[in-house]
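Order-wise, the sequence lines are chains E and C. Note that my numbering has the first sequence beginning at 1, numbered continuously upward. Note that my numbering has the second sequence beginning at 1001, numbered continuously upward. Here a beta-carbon is modelled for each residue, glycine too, at the ideal position from N, C-alpha and C. Encoded as structure tokens, the structure appears first; notes follow it.
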Amino acid sequence: METVSTDVAIIGAGGAGLRAALALAEAAPKLRIALISKVYPMRSHTCAAEGGAAGVIKPGDSLEQHFDDTVGGGDWLCDQDAVDYFIAEAPKELLQLERWGCPWSREPDGSVAVRPFGGMKLMRTWFAADKSGFHILHTLFQTSLKYPSIRRFDEYYATELLVDGACCRGLTAIEMRSGQMRRFDATAVILAGGGAGRIFPFTTNGAIKTGDAMAMAYRAGVPLKDMEFVQYHPTGLPNTGTLLTEACRGEGGVLLNKAGRRFLQDYGMGPETPRGHPVLKTMELGPRDRVSQAFWQEQKKGNMLPTQWGDCMLLDMRHLGEKTINERLPLVRDMSISYMGVDPVRDPVPVRPVVHYMMGGIHTDLRAATPLPGLFAAGECACVSINGANRLGSNSLTELLVFGRRAALSALDFVEQKNDARPLVAEADRAQAHLRELVQRTGGGETVAGLRKEMLQTMEEHAGIYRSGEGLGAACAKLAELRRRYRRIELHDKTNVYNTDLLQALELGSMLDCAEAVVQSAAARRESRGAHQRLDFPARDDRHFLRHSLATYDAGGPPRISYQDVVITKSQPGVRDYSGAHA
Amino acid sequence: MSERAVELEVLRYNPETDKEPHFQRYALSCPQEWVVLDVLNKIKESVDPTLSYRWSCHMAVCGSCGMMINGEPKLACKAFLRDYRGTIRVEPLRHFPIERDLVTVIDDFVAKLARVKPYLIPKEPPPEGAEYRQTPAQLKRYKQFTLCINCMLCYAACPEYGLIPKYLGPAAIALGHRWNRDSRDGGREARQEELAATEGAWECSFVGACSEVCPEHVDPAGAIQQVKIESTVDWYRAHLMPWTNKQK
């Protein structure tokens, strides 16, 4: 097996992975960096983020207020020391991107512009029209080309972490062009592989978001934290799931039921605010969990608009006018026209909540370190946790910068203190043997498409916006069954070059592990908090569940669920108030 | 959702098992509102799991799914069935080596992109603890060139690139030019070596196909002509007004 020897290996070359690579290249020019991704960096899903990135910069705003919005928005499940660090680093990171040339939208005086976002009390979301993630990703990628020490391995699919006793020492990956397996010997590994939205059928997430990094850590014994918290973004196009950014509402768009009523006022987010003059942190600028839940309730009452793609609400932006829509929301207009045949300048756009983001992920601490020495994680695949039970829109782009850099500095520390890379030849050979067995297996009878379909149906039916003990029980049983059947999966394509049948089989393995962690964690959390709503336990229960769940992998059965206390430094759990009364 | 019959003729090539690329036909029924990518996904899922192609975002921003559709470079996620009649022919992007089926090798572009130094070479150090000031008008001078998603449609459309593979090509030139036009940047001279070289902008014969096929409405042809004008001005300055030459 060909091998690559490196100091730090980074898996994933989206926002978090690239930010980590840049931090390493700048801090230690002689360090050997391997940036490994199953896609070219510019294909990473960071490119699809639209609205912006939050960071305190404007006069009148303060770190304390960003802290309060984030912790309250997360229904007090955030670790407050992590939030403190995040909030303080946020403006520095956004400024750093500006200095790397990110084309942020500007005020007439040339300063960076900010826009309102859901759950935020003040305008603090930096943006580049409605392609903020795209511009962040391309700025980072192009800047990374300055550093020869960043050695890229584009279209390499990482399969397993190599772990020796209690230390991570590298990984195995398939070079997709040749189909050959490579061993990466690394002193430290940073996981930055993104979320797992594709475990649901209706999602804003691209095809690549299959939870590979999460699953890789999980199988290596690192717990997945708070996996039951899955964010539904309120406004997706109903046929394709394409995201229409929250900035639609930040700019003044409103949500209507089929009678034309701004129904959010009936779900604790009123009173109604003047159309076109959004008031922060209420009505359409409520947090995503509350808005998506209001949709569900309203749908139960029969107040939503039936369409061929299911019940929808209407996102009305007509009053913003063509000029504002073109300047601030050009992608939204283009997508609505192309995929729905609706021009938001002229007509309200039908939308419905869509799976968007995993608050949970690989268990990390404030230093972006996992419990496994030598293994770090950042971005959506990690859970540090600043997002708690519900992430505020525009915190995640900032998060991948802040913790991408933090993971890099921690990894560098680790490399400097403990430079004893050791090749794990036998472990890598075992990984290769597993892969061979999968490719050559015959007579198994199970197919990738078949199992994936059953998984998607299960998640849609039982792990959505509202859940029940009974439904989750059924989902747990189904996922256990699917994991068993996965061992009998049989490939049609047994060739080497760019074998996407194999790739999808491996991705399905990752998704099944992540999905099981979601439903098992959700079944164990007998309360309702943030994005996790239980019909059978409708109240928040701080006495028992002001804790993070930790799902620990078991090859032969369901994960073991344990709990860890939330770090509370200054904000005691309170009432989340998104009525206009707080104004 | 009204369904319609769709027939796709897809170029297949597996270097391990095929001597030559060949077409394979797939006939199936699909919703009228679908895009070609949706049809490929249905084939992959229910007809032929061996078909290989790249895709991810399904919203024309990741740039993965560029392919030739009825002879035109398109993103498969934005090629609507409603715009096609009869058999739809799907091939890998022209001018690139085929890695497998619809997957092409894009190493050439990736290497060229790095050569144009597509990053900020600051004109002056940033203000202490604050952002560079850049007015909306200054932003507008380069903004459209930042919208390139690296999808490679312009290379597939460019007749020059087909003839002269060493040509830097539309996207790489537009991206280099993007930084030259940024008010924060002072790196034009460092980029000129590549952009204004014979195999840079001067190779372009101004057919303009690149700008026509760009799914993001970037105008690489415009960028290339601007580079030519600017380098002509450089030449006249250096040769006719030598006293304006910068001290080196």
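Taking the C-alpha atoms as reference points, what is the distance between residue i and residue j?
i	j	result
residue 1012 of chain C	residue 205 of chain E	28 Å
residue 1053 of chain C	residue 471 of chain E	37 Å
residue 1035 of chain C	residue 238 of chain E	15 Å
residue 380 of chain E	residue 389 of chain E	14 Å
residue 97 of chain E	residue 66 of chain E	20 Å
residue 191 of chain E	residue 146 of chain E	23 Å
residue 532 of chain E	residue 361 of chain E	15 Å
residue 54 of chain E	residue 122 of chain E	10 Å
residue 1099 of chain C	residue 554 of chain E	38 Å
residue 1247 of chain C	residue 120 of chain E	Bear in mind that a pLDDT of 47 at residue 1247 of chain C, under 50, signals an unreliable position, so the model cannot answer this.
residue 543 of chain E	residue 528 of chain E	13 Å
List, in chain order, every chain C residue whose beta-carbon is nearer than 8 Å to that of residue i.
i	result
residue 108 of chain E	1135 and 1136
residue 311 of chain E	Per Cβ cutoff of 8 Å: no residues; residue 311 of chain E is ~16 Å from chain C at best.
residue 289 of chain E	Near residue 289 of chain E there are no residues of chain C at all, since even the closest Cβ is about 24 Å away, more than 8 Å.
residue 242 of chain E	1058 and 1059
residue 146 of chain E	1117 and 1119
residue 42 of chain E	1062, 1063, 1149 and 1150
For residue i, go through chain E and note every residue whose CB falls closer than 7 Å to its CB, in chain order.
i	result
residue 1078 of chain C	338
residue 1050 of chain C	492, 493 and 501
Tell me residue i's beta-bridge partners as DSSP assigns them.
i	result
residue 112 of chain E	E/106
residue 529 of chain E	E/532
residue 1005 of chain C	C/1029
residue 1170 of chain C	Residue 1170 of chain C pairs with nothing; no bridge assigned.
residue 72 of chain E	DSSP, once it has assigned bridges, lists no residue as partnering residue 72 of chain E.
residue 548 of chain E	E/564
residue 375 of chain E	E/189
residue 382 of chain E	E/362
For chain C, is any of its Cβ atoms less than 8 Å away from the one on residue i?
i	result
residue 142 of chain E	yes
residue 134 of chain E	yes
residue 369 of chain E	no
residue 111 of chain E	yes
residue 211 of chain E	no
residue 448 of chain E	yes
residue 206 of chain E	yes
residue 239 of chain E	yes
residue 45 of chain E	yes
Mapping DSSP to helix, strand and coil, what is residue i?
i	result
residue 126 of chain E	strand
residue 273 of chain E	coil
residue 563 of chain E	strand
residue 510 of chain E	helix
residue 1176 of chain C	helix
residue 1068 of chain C	strand
residue 1123 of chain C	coil
residue 1014 of chain C	coil
residue 425 of chain E	helix
residue 1134 of chain C	coil
residue 1082 of chain C	helix
residue 1189 of chain C	helix
residue 170 of chain E	strand
residue 1074 of chain C	strand
residue 1217 of chain C	coil
residue 183 of chain E	strand
For residue i, go through chain E and note every residue whose CB falls closer than 8 Å to its CB, in chain order.
i	result
residue 1120 of chain C	99, 100, 101 and 143
residue 1143 of chain C	103
residue 1015 of chain C	497
residue 1113 of chain C	142 and 145
Identify the contact partners of residue i in chain C, using a Cβ-Cβ distance below 9 Å as the criterion.
i	result
residue 335 of chain E	1059 and 1060
residue 227 of chain E	Those do not exist, as residue 227 of chain E stays about 23 Å from chain C at its closest Cβ, beyond 9 Å.
If the cut is a Cβ gap below 7 Å, which residues of chain C does residue i touch?
i	result
residue 95 of chain E	1131
residue 1 of chain E	Neighbours of residue 1 of chain E on chain C: none; closest Cβ ~20 Å, over 7 Å.
residue 38 of chain E	Neighbours of residue 38 of chain E on chain C: none; closest Cβ ~10 Å, over 7 Å.
residue 177 of chain E	1099
Using a Cβ-Cβ cut-off of 8 Å, state whether residue i counts as contacting chain E.
i	result
residue 1247 of chain C	Confidence is the limiting factor: at residue 1247 of chain C the pLDDT is only 47, short of 50, which leaves the residue's position unreliable and the question unanswerable from this model.
residue 1108 of chain C	no
residue 1063 of chain C	yes
residue 1046 of chain C	yes
residue 1012 of chain C	no
residue 1008 of chain C	no
Kindly list, in the order they appear in chain E, the residues whose Cβ is closer than 9 Å to that of residue i.
i	result
residue 1184 of chain C	98, 99 and 101
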